[in-house]
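Let me begin by presenting the structure, written as structure tokens, before commenting on it.
Protein chains in written order, with the working numbering: chain A, 11 to 129; chain B, 11 to 129; chain C, 218 to 339; chain D, 218 to 339; chain E, 12 to 107; chain F, 12 to 107.
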């Protein structure tokens, strides 16, 4: 199937990002196509390369970047949500692109399934 | 009274930051002393000067900075929580200082009242 | 409406202001209005509070987005539904709301979701 | 213990992992242990799930912080309480927990909070 | 004790949780989405009437206005942020 | 429909909300803090037994393991992330 994924919450504060990462890995392992992951609301905070978790903890941005670059998945960071939260292209990591909310509508039109990871 | 305040959630996503700002203003108007505002968990995201909300919306970081500089209040941004979320001293705005979690314990020891703004 | 159009829906189910979900749901509806699709809007649970009349943000300064719901018609979004039970159990009547919405029963909600190509929960 | 010490408490009331509150509550207890104060810890509501035995993070990679609760004694934090009703209504007994905690009744919780100089809810 | 409730009673158990521990006569302030508990005419009204009889229930005016809620159950007291500060001065606070 | 529930049933009404709309036989997956609803021996067990009879209830293995929960009520099905993906392929999803 052609999957669309939406991440609505910030990394570490909520489990939403972790669940989305595990789900994406499992979907790819089964040969499904992820059309796009749309980072929305506090989800935009997944994209910052300034993230430095403790050494014994997972690095959520790097986990995303690894999945995205290995599988050539488009990661869109909602521009309005990002600006409100201090995320711009000086801080976004490799693999993340800032884009408009229209790309979420387009995803809803194109995807066979849409899965929201939220609070 | 000597107040300690804790902000636990990100700006815009939750009302916690807005409530904390209104509470701080009201407390100062009554002549109370705010010993420190401790920004913790996603609350650290209140401190970023990269925040650019839409022009018709409030600017939460600037609201904090105005309160802090006019009243000489200490705003401490938890270092471990900040690092995890991509907040460091290259992005923190005027009036915010990155500090250790011990400063929250010290606040609990010194304050007459502690008020948490959380989800 | 033609077969090329996708059926899309935004479901509002959280209270406004306490979290940003409700505001972002509205932002989405407005964007979807620009894509010439078959868009509908549904209010359930605490989502009904987003369209309560009489909001006044002078005490908080948080952006009041309720007037924007009135703009939905201008975007040709006319399929607006509200779960009757959610509304009534929250002490509201249609007169309390900023927009006109068609009342539906709770057992129609899941079917309405199933009929969409995709839908969003906010 | 002397009069110079402040009575401080950390209350755990949220489930672990779904949100970071529980983890940060523990970080706080550990820091407080370094300040030579009269520190206590209380588990109520879903907070009791933080000290459930048998956690295995191999499927998620999320840091398992439950073993760190066992270090509380080393920090001289020995006043550890759990609300009996919260524990029992969640199907748990003391044998299910990674640490030993004293059972208290729900009507003692507010009084215990009142006795503190200050306390934190996580 | 001042118990602070900021979540919708239709969605969250936080008010019920708080009541398991709060002794009668304790103060409760409803703010943010918590204010919906004080609204008149809802399915929770009779439960809330009983709570308002047993506890000192306050509700934050600014958050009521923000949400367009003006009809309240009887027995609750509206306070503005200045009144909220006074309540915090009087009581230790507990954020649920 | 696959209803996705990620909040603790002791703290959130999201499962109850979902059930007001879900027709009998619909699928529900419990994940994140939602998994506690499937735990055996809690105060919710009889309510959950009834729900497990009326709906197809799945519970995410990785989140059960993370939380150390191994005793489940009868009538619920454990799935791992691969099984979660299969359920999403079969059903439209609704995140509560």
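Glycine included, every Cβ here is placed at the ideal spot set by N, Cα and C. Here the structure is a predicted model, which means the values were calculated and not measured.
I'd like to know if residue i contacts chain A, where contact means its C-beta is closer than 9 Å to some C-beta of that chain.
| i | result |
| --- | --- |
| residue 42 of chain F | yes |
| residue 42 of chain B | no |
| residue 91 of chain F | yes |
| residue 235 of chain D | yes |
| residue 292 of chain C | no |
| residue 103 of chain F | yes |
On the CB-based measure, 16 or more other CB atoms within 10 Å of its CB, does residue i come out buried or exposed?
| i | result |
| --- | --- |
| residue 311 of chain C | exposed |
| residue 101 of chain E | exposed |
| residue 320 of chain C | exposed |
| residue 231 of chain C | buried |
| residue 303 of chain D | buried |
| residue 271 of chain D | exposed |
| residue 41 of chain B | exposed |
| residue 269 of chain C | buried |
| residue 54 of chain F | exposed |
| residue 53 of chain B | buried |
| residue 106 of chain E | buried |
Measure how close the beta-carbons of residue i and residue j come, nearest whole angstrom, since I'm counting them as under 8 Å.
| i | j | result |
| --- | --- | --- |
| residue 50 of chain E | residue 33 of chain E | At roughly 21 Å, the Cβ-Cβ gap does not stay under 8 Å, so residue 50 of chain E and residue 33 of chain E are not in contact. |
| residue 315 of chain D | residue 287 of chain D | 6 Å |
| residue 334 of chain C | residue 225 of chain C | 6 Å |
| residue 29 of chain B | residue 22 of chain E | 18 Å between Cβ atoms; not a contact. |
| residue 85 of chain A | residue 125 of chain A | With a Cβ gap of about 15 Å, residue 85 of chain A and residue 125 of chain A do not count as contacting. |
| residue 71 of chain E | residue 95 of chain E | 6 Å |
| residue 38 of chain F | residue 20 of chain F | Not confirmed; about 17 Å, so no contact. |
| residue 50 of chain B | residue 16 of chain B | 6 Å |
| residue 301 of chain D | residue 331 of chain D | That belief does not hold up - the Cβ atoms of residue 301 of chain D and residue 331 of chain D are roughly 20 Å apart, past 8 Å. |
| residue 103 of chain B | residue 13 of chain B | In fact, because the Cβ distance is near 22 Å, the residues do not count as touching under 8 Å. |
| residue 58 of chain A | residue 31 of chain A | That pair is no contact at about 16 Å. |
| residue 336 of chain C | residue 242 of chain C | Not quite, the Cβ-Cβ distance comes to about 11 Å (not below 8 Å), so this is no contact. |
| residue 309 of chain C | residue 258 of chain C | No, residue 309 of chain C and residue 258 of chain C are not in contact; Cβ-Cβ is about 17 Å, not under 8 Å. |
Looking at the unbroken alpha helix (DSSP H) that takes in residue i, where does it start and where does it end?
| i | result |
| --- | --- |
| residue 243 of chain C | 238-250 |
| residue 48 of chain F | Residue 48 of chain F -> no alpha helix (DSSP H), and no H or E assigned at all. |
| residue 275 of chain D | It is not in any alpha helix (DSSP H) - residue 275 of chain D carries neither H nor E in the DSSP assignment. |
| residue 79 of chain E | From DSSP, residue 79 of chain E is part of no alpha helix (DSSP H); its letter is neither H nor E. |
| residue 31 of chain F | 25-32 |
| residue 56 of chain E | 56-65 |
Can you tell me where the beta strand (DSSP E) holding residue i begins and where it ends?
| i | result |
| --- | --- |
| residue 30 of chain A | Premise fails: residue 30 of chain A lies in the alpha helix (DSSP H), 26-39, not in any beta strand (DSSP E). |
| residue 222 of chain D | It is not in any beta strand (DSSP E) - residue 222 of chain D carries neither H nor E in the DSSP assignment. |
| residue 106 of chain F | 104-106 |
| residue 285 of chain D | From DSSP, residue 285 of chain D is part of no beta strand (DSSP E) but of the alpha helix (DSSP H) over 283-286. |
| residue 92 of chain F | Run containing residue 92 of chain F: none in the beta strand (DSSP E); it sits in the alpha helix (DSSP H), 92-101. |
| residue 3 of chain F | Nothing can be reported for residue 3 of chain F, as the shown portion of chain F is limited to 12 through 107. |
| residue 257 of chain C | 255-260 |
| residue 46 of chain A | 43-49 |
| residue 17 of chain A | 12-17 |
| residue 268 of chain C | Careful: residue 268 of chain C lies outside any beta strand (DSSP E) and carries neither H nor E. |
| residue 38 of chain F | 38-41 |
Can you confirm whether residue i, when its beta carbon is compared against all beta carbons of chain C, has any partner nearer than 9 Å?
| i | result |
| --- | --- |
| residue 115 of chain A | yes |
| residue 59 of chain E | no |
| residue 18 of chain F | no |
| residue 97 of chain A | no |
| residue 110 of chain A | yes |
| residue 97 of chain E | no |
| residue 121 of chain A | yes |
For residue i, decide whether its Cβ has a neighbour in chain D, counting only Cβ atoms nearer than 9 Å.
| i | result |
| --- | --- |
| residue 28 of chain E | yes |
| residue 51 of chain B | yes |
Distance cutoff 9 Å, beta carbons only. Does residue i sit that close to anything in chain E?
| i | result |
| --- | --- |
| residue 35 of chain B | yes |
| residue 277 of chain C | yes |
| residue 242 of chain C | no |
| residue 326 of chain D | yes |
| residue 330 of chain C | no |
| residue 56 of chain F | no |
| residue 90 of chain B | no |
| residue 283 of chain C | yes |
Using a beta-carbon distance below 9 Å, is residue i in contact with chain B?
| i | result |
| --- | --- |
| residue 163 of chain D | Past the boundaries of the shown model lies residue 163 of chain D; chain D is included only from 218 to 339, so the question cannot be answered. |
Can you find a CB in chain F that lies within less than 9 Å of the CB of residue i?
| i | result |
| --- | --- |
| residue 128 of chain A | yes |
| residue 335 of chain C | yes |
| residue 218 of chain C | Bear in mind that a pLDDT of 48 at residue 218 of chain C, under 50, signals an unreliable position, so the model cannot answer this. |
| residue 274 of chain D | yes |
For this session: Quick one: which unbroken beta strand (DSSP E) runs of 3-plus residues sit fully inside the segment 73-126 of chain B? Chain order, please.
Result: 85-88 and 106-109
Exercise. Unbroken alpha helix (DSSP H) runs of length 4 or more, entirely within the segment 286-337 of chain D: which are they?
Worked result: 301-306 and 326-331
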